[in-house]
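Contents: one structure, followed by commentary.
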Amino acid sequence: MTLRWGVIAPGAIARVFASDLAILDPSRECHRITAVGSRELVRAAQFARDFGVEDHFGSYSQVLASPKVDVVYVANVQSAHHETVMTALDAGKHVLCEKPITINASQAREIFDLAQSRGIFVMEAMWMRFLPHIIKVLDLIANDAIGEPHFVIADHGQWVHGKQDHRLLDPYRGGGALLDLGVYPITLAHLVMGVPTQVTATASFTGQGVDSEVSINLGFDEGKSATLHTTIDSVTATRATIAGSKGRIEIDRSFYAPTGFTLFGHDGSERRFENPLRVPGYVGIGEQTREVALAIKAGEIESPMRSHQSTLEVMSIMDEIRKRIGLRYPGEISDADDSGIVS
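Numbering (the UniProt record's numbering), first residue to last: 1 to 343.
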């Protein structure tokens, strides 16, 4: 079965996606991009030339109407994800949507409810979850390699102020550090610890009104915790540590991308795990497409590796953080008070 992809918005991340697919499946027997749509036809045409895409369009709707497309990769700005994904589902297309899938949990819930009612697959493109080193880390934790996890430390920082029109500086495009960068350390903490019972956070803001830096503390049952940080003001180490009752795991930079890690035991032992994805030019975004193909072939509407519920839980954590720091987006209706997290 060849999964035929349509790309919505041929920006930087979509180009990485297309490049990874070409490396992952050079014969195009399993994955083929058959259409690309942009609001600027010239950009769609350039993308089509660069990646050998058969059809290019000057609108998203034409991609969604194409009988040559089975699944769409939604890669436009996050403030537009909700509308785009809902429209794609209405058109009967399966969806892989860039993270965050929406700007709040309420919007994500609407997407998943529609997918459920239509029997259509949809998944947030939290590509970190599908990388071999993250799968191995979670497997080691599940098999008691560090004992009971007690503490997670993680950060993700990038400097974006060199371009004043950068999307992360624009509140109308869902900008800021939390939703775009902070989602990675929050997701890691959630994968290891689950849903927090307490959330505290502090933040700094830009003149445009988006969060430039957020420090987060998550509290869990039995005194477990996570200390997380995200910023668009500076490039940080972007590493992660997971500490448990028997040892700890230290994940190298950048923890959310293909990398290695070290397992340290309290007995002084040390075990190194190198990055297995050392393929020239391959970023790792393509790994999640294997799961998409398997799920769609099986007739599933979600993946157990990135279930609708897991996405909703992370979105609810971010809603709660935003409530703590006072972050709202233009025209947004948020259900942060309905997060289910004990404050």
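Think of the CB as a built atom: it goes at the ideal place given N, C-alpha and C, for glycine as much as any other residue. Remember, predicted model here, so these are calculated numbers, not experimental data.
Under the Cβ criterion (8 Å, minimum of three pairs), the segment 129-147 counts as touching the segment 244-261. The shortest CA-to-CA distance from Arg248 to any of Tyr184, Ile301 and Gly147 is the one to Gly147.
Here Trp127 is not near Ile8, since their CB atoms are 7 Å or more apart. The alpha-carbon separation between Thr87 and Asn76 amounts to approximately 13 Å. Looking at the DSSP output, Leu96 bridges to Tyr73 and Met123. Fewer than three beta-carbon pairs drawn from the segment 110-124 and the segment 205-214 are found closer than 8 Å, and the two stretches are therefore not classed as touching. In chain order, Phe130, Ser303 and Met305 place their CB closer than 7 Å to the CB of Glu291, counting only its own chain and leaving out the 5 sequence neighbours on each side. Pro280 sits exposed, since fewer than 16 C-beta atoms from the chains shown fall within 10 Å of its C-beta. Under the DSSP assignment, Ser215 falls in the beta strand (DSSP E) whose first and last residues are Asp211 to Gly219. Listed in chain order, the non-local C-beta contacts of Ser79 below 7 Å within the same chain comprise Ile103, Tyr172, Arg173, Gly174 and Tyr329, local neighbours out to five positions each way being set aside. For the pair Ala293 and Tyr60, the Cα-to-Cα distance works out to about 22 Å. With fewer than 16 neighbouring CB atoms inside 10 Å of its own CB, His266 falls in the exposed class. Val214 and Ile141 do not touch by the CB rule: their CB atoms are close to 26 Å apart, not below 8 Å. In the structure shown, the three-state DSSP call for Thr236 is coil.
Judged by DSSP in its simplified three-state form, Thr262 adopts strand.
The three-state reading of DSSP puts Asp155 in strand, counting E and B together. Minimum Cα-Cα distance from Asp221 among the listed residues Ile242, Thr200, Phe205 and Pro196 corresponds to Pro196. Under the three-state reduction of DSSP output, Gln164 falls in the coil class, being neither helix nor strand.
Just so you know, the alpha carbons of Gln309 and Met315 end up roughly 10 Å apart. Judged by their CB atoms, Arg28 and Lys68 are not nearer to each other than the 7 Å cut-off. If you draw a straight line from the Cα of Gln288 to the Cα of Leu179, it comes to about 20 Å.
For Gln116, the enclosing alpha helix (DSSP H) has its first and last residue at Ala105 to Arg118. The shortest CA-to-CA distance from Glu124 to any of Thr311, Glu54 and Met1 is the one to Thr311. Here Thr102 carries a coil assignment [DSSP, helix/strand/coil]. Separation of His133 and Ala189 (C-alpha to C-alpha, rounded to the nearest whole angstrom) is 15 Å. The beta carbon of Phe47 is closer than 6 Å to those of Pro10 and Val36 in its chain, skipping five residues each way along the sequence.
Secondary structure remark: continuous beta strand (DSSP E) runs of at least 3 residues inside the segment 32-93, in chain order: 55-57 and 71-74. Measuring C-alpha to C-alpha distances from Leu96 to each of Asp70, Glu54 and Phe51 identifies Asp70 as the nearest.
Excluding five sequence positions before and after Ala237, the CB atoms of its chain that fall closer than 7 Å to its own CB belong to Asp155 and Arg253, given in chain order. In the displayed model, Pro132 falls within a helix according to three-state DSSP.
If you draw a straight line from the Cα of Ile186 to the Cα of Leu228, it comes to about 7 Å.
In the structure shown, the three-state DSSP call for Pro185 is helix. If you ignore the 5 residues before and after Phe17, its C-beta comes within less than 8 Å of the C-beta of Val7, Tyr73, Ala75, Ile285 and Gly286, all in its own chain and listed in chain order.
Membership of Ala145 in any alpha helix (DSSP H) is not indicated, and neither H nor E is assigned to it by DSSP.
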